Amino acid sequence: MTWLSGIIVFITEGQKDKRLKFHSLQSIFLGILGTIIDLVFFFIPFLGPFLLFLVWLYGMYIAFKAYSGVDVKVPVLGDYAAKYSEYTP
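Anchor point for the sequence shown: position 16 equals 1493 in the working numbering, and the numbering is continuous, going up by one each time.
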């Protein structure tokens, strides 16, 4: 659901505020990464859910930080989000 909330914020508020656009793009990219991890490790009983949980936990951490007004840039994904949002945290 990370990518869904990111898409909603991106569509409704992202064009008005570059900071919101940056964080919503990070959310979308992190959600896509979680989906890829889930699909790749689907058949490995413990590893897939554990990695997906770590991605979710990290997403909750950066969401809390962003809500608190602190800009957190996700490694690698944050660079793409900054490029497409034209916002530098």
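Note that CB positions come from ideal geometry on N, CA and C, so glycine has one too.
Bear in mind the structure is a predicted one, so any value in this text is a computation, not a measurement.
Asked                                                                                                      : Found
Inter-residue CB distance, isoleucine 1514 and leucine 1529 (contact presumed, cutoff 8 Å)                 : 5 Å
Residue interval of the alpha helix (DSSP H) (run including aspartate 1556)                                : 1554-1562
With 16 other Cβ atoms within 10 Å as the buried cut-off, status of glycine 1546                           : exposed
Of the residues Gly1511, Val1551, Ile1521, the one placed nearest valine 1532, counting alpha carbons only : Gly1511
8 Å Cβ cutoff met for tyrosine 1544 and lysine 1495                                                        : no
Close beta carbons around leucine 1524, own chain, < 7 Å, minus the five adjacent residues each side       : Phe1518
Cβ-based neighbour list, alanine 1559, same chain, cut-off 8 Å, excluding 5 preceding and 5 following      : Phe1499, Lys1550, Thr1565, Pro1566
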